[in-house]
Amino acid sequence: MGKSIGYIKKENLLFNKLDKAVSIIITKNLGIRKNESLLVVYDSRQHELAKKFSEVASKSLKKVDMLKIPVAKVNGQEPPKKAVHKFLQYDVLIFLTTRSLSHTKARREATAKGIRIASMPGVTPSVLRRSIDIDYDRLKATIKKVAARLNKAKKVRIKTSLGTDIEFSITKRKAHGLSAGIYNKKGKWGNLPEGEVFIAPVEGTANGIFVVDGSLAGFGKITHPLIFFVENGYVTKITNGRKIPRIKKMLDRVGKKAGNIAEFGIGFNSRAKVTGIVLEDEKAAKTCHLALGNNIGFGGKTDVPLHIDCVIKKPTMFLDNKPIIKKGRLNIQGKYI
3 MGKSIGYIKK ENLLFNKLDK AVSIIITKNL GIRKNESLLV VYDSRQHELA KKFSEVASKS
63 LKKVDMLKIP VAKVNGQEPP KKAVHKFLQY DVLIFLTTRS LSHTKARREA TAKGIRIASM
123 PGVTPSVLRR SIDIDYDRLK ATIKKVAARL NKAKKVRIKT SLGTDIEFSI TKRKAHGLSA
183 GIYNKKGKWG NLPEGEVFIA PVEGTANGIF VVDGSLAGFG KITHPLIFFV ENGYVTKITN
243 GRKIPRIKKM LDRVGKKAGN IAEFGIGFNS RAKVTGIVLE DEKAAKTCHL ALGNNIGFGG
303 KTDVPLHIDC VIKKPTMFLD NKPIIKKGRL NIQGKYI
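Going by our numbering, the first residue of the sequence shown is number 3, and it counts up by one from there.
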């Protein structure tokens, strides 16, 4: 009997934490007002979580609807046109899909119209319970400092103990992520959980090797590190893993531009963990990520229906040959934290 009561209490605690996380997203992250309309977009794999969002949101909002769309094959695949038409009829969108809609024309069209969006591809209740209830002011202060340094820099170099050694130009490119999870103004959008600063490398400038030992979007947590070889901005070879044929097939389906080094990001969410869900993994403190494919939505020039984030643990990074991060720890005024 005692064990049963303990189990029930634990279950209630988990439900309460999830409700709290969802409520934070609705009231703080998105700042949805009572007179605004919300559309929860989901696929068959996220039905239960979509119901939870709808249930919590309906307690304070007058208009909350749900829209089911097909499960996409890859991140960046466009949703059906009928769905896009529906998107444009609401003030706020929450994307609870298996694959990411972040780097789609549909998302960009909605953003251009002033619609606010929280994109949460592959999110789970445990991710929400763990990574949403954070100090957003502190997160923003950190991201602001790092973004300022990225905006002044011309060259990035990343190294790790596993063999990563890659460099690329970010000259005249702008760092993103300054919203730091708060999307309460017209046209604001981003991921939740949040916790990254990111920038689009200049196309054609990346050269070297990067070793993925965290996770890979669409493939989960990495148990055997994958080695990516990069020449003149594009991946030319991948070695050391059983996932390679599937990765190559995905890239080949799109063409050469799928291998474009599209994004460089750094994670700062201290509550996030690397679990194989890239949405959370790339926000985790002491990680960085490089992404392949599309970057048209944040200052790049490559527009393809694919975006693959590759998470790297405990990187050492240099901006214009000056150290900014050492084994995942940020350099603030000469001290690594």
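Ideal Cβ placement from N, Cα and C applies to all residues, glycine included.
At a Cβ-Cβ threshold of 8 Å, residue 262 and residue 105 do not count as neighbours. The C-beta distance from residue 158 to residue 321 rounds to 6 Å, short enough to meet the 8 Å contact threshold. Here the C-alpha atom of residue 67 lies approximately 12 Å from the C-alpha atom of residue 58.
Counting C-beta pairs closer than 8 Å gives three or more between the segment 178-187 and the segment 137-152, which meets the contact rule. With respect to the C-alpha of residue 283, the residue from 116, 265, 312 and 259 having the closest C-alpha is 312. Taking residue 256 as the centre and dropping the five residues before and after it, the same chain places the C-beta of 295, 306, 307 and 308 closer than 8 Å to its C-beta, in chain order. Under the 10 Å beta carbon count, residue 87 is surrounded by fewer than 16 other beta carbons and is classified as exposed.
Assignment of residue 276 by DSSP, reduced to helix, strand and coil, places it in the coil class. If the five residues before and after residue 136 are omitted, its C-beta is found closer than 6 Å to the C-beta atoms of 273, all from its own chain and listed in chain order.
When the alpha-carbon of residue 239 is set against those of 201, 213 and 220, the nearest one is in 213.
Rounded to the nearest whole angstrom, the CA to CA distance from residue 187 to residue 118 is 7 Å.
Under the DSSP assignment, residue 229 falls in the beta strand (DSSP E) whose first and last residues are 228-233. Under the three-state reduction of DSSP, residue 122 is assigned to coil, being neither helix nor strand. Residue pairing of residue 266 in beta bridges, as defined by DSSP: 201 and 292. Only residues of its own chain outside the window of five on either side were considered, and among them 224, 276, 283, 289, 313, 314 and 315 have a CB closer than 7 Å to the CB of residue 216, listed in chain order. Annotation: the segment 106-189 contains the following complete segments of the alpha helix (DSSP H) (minimum length 4 residues), in chain order: 107-114, 127-133 and 138-154. A direct Cα-Cα distance of roughly 9 Å separates residue 108 from residue 82.
Sixteen is the threshold: when 16 or more other Cβ atoms of the shown chains lie within 10 Å of the Cβ of residue 304, as they do, the residue is buried. Between the alpha carbons of residue 243 and residue 69 lies a distance of about 38 Å.
Residue pairing by DSSP places residue 70 opposite 44 in a beta bridge. Residue state for residue 210 is assigned as strand, using DSSP reduced to three classes. Taking 8 Å as the upper bound for CB-CB distance, residue 166 and residue 201 are not in contact here, some 18 Å apart. If the five residues before and after residue 171 are omitted, its C-beta is found closer than 7 Å to the C-beta atoms of 156, 157, 203, 204 and 207, all from its own chain and listed in chain order.
For residue 236, DSSP records a beta bridge to 233 and 262. Counting the other CB atoms within 10 Å of its CB gives residue 125 a total of 16 or more, which places it among the buried residues. Beta-bridge partners assigned by DSSP to residue 309: 295.
Counting only residues of its own chain and dropping the five nearest sequence neighbours on each side, residue 326 has a CB closer than 8 Å to the CB of 148, 151, 319, 320, 332 and 333.
Relative to residue 268, the option among 27, 178 and 169 whose CA is nearest is 178. In this structure, residue 34 places its C-beta atom within 8 Å of the C-beta atom of residue 40.
Assignment of residue 287 by DSSP, reduced to helix, strand and coil, places it in the coil class. For the pair residue 97 and residue 90, the CB atoms are not nearer than the 8 Å cut-off. Residue 319 is bridged by DSSP to 160 and 327. For the pair residue 84 and residue 71, the Cα-to-Cα distance works out to about 10 Å.
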